[in-house]
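Undergrad: Quick note: the sequence shown uses UniProt numbering, first residue 1, plus one each step.
Beta carbons: idealized from backbone N, C-alpha and C, even for Gly.
Source: prediction; values computed, not measured.
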Amino acid sequence: MLRIWRATLNSRNGLSFALRSEQAVREEVVAFLLALPLAYLVGATPMRSVELVCAVVLVLVVELLNTAIEKLADRLTTEHDLQIGRVKDLGSAAVGVALLMAGSFWLFAIAERLGLL
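1. So is leucine 60 buried or exposed if we call it buried at 16+ other beta carbons inside 10 Å?
2. So that I know if they touch, is there some Cβ in chain D lying closer than 8 angstroms to that of phenylalanine 17?
3. Kindly indicate which residue of Thr67, Thr77, Leu19 and Val30 has the alpha-carbon position closest to the one of alanine 94.
4. So for methionine 47, helix, strand or coil by DSSP?
5. Just reading off the alpha helix (DSSP H) that glycine 14 is part of, what are its end residues?
6. Should the stretch 28-45 be regarded as contacting the stretch 76-84, the criterion being three or more beta carbon pairs within less than 8 angstroms?
7. Here's a check: name, in chain order, each residue in its chain whose Cβ is nearer than 8 angstroms to the Cβ of glutamate 22, leaving out the five neighbours to either side.
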């Protein structure tokens, strides 16, 4: 039980640090807060609403991992390094793919709600 408590504190500390240090994380938390009520208006079924919220949460998860990669890379060296730059680009690409996926889920759900599908 103590291990679970410590893991919970570590998670809270990590999220708190990310919120303080990364604008993208703050924006995605706002998107999540907006998605909560909007998903129930847009989703044609309760399950579709849950899927829409989960898509936004996935973007936040990928952004947190990307932030961790960037912070670690910056800790390794402050000098420009081609390989580290590529690693950072890969993390950024992962966020981009997650955003495209979430956006397509939302567009599909809106089209479904409007009876276009």
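TA: In short:
1. By the 10 Å Cβ count, leucine 60 comes out buried.
2. The structure shown has no chain D; it contains just one protein chain.
3. That would be Thr67, whose Cα lies nearest to the Cα of alanine 94.
4. Helix, per DSSP.
5. Per DSSP, glycine 14 belongs to the alpha helix (DSSP H) from 2-21.
6. Put simply, the stretch 28-45 does not touch the stretch 76-84. Fewer than three CB pairs are less than 8 angstroms apart.
7. The answer, listed in chain order, is Glu63 and Thr67.
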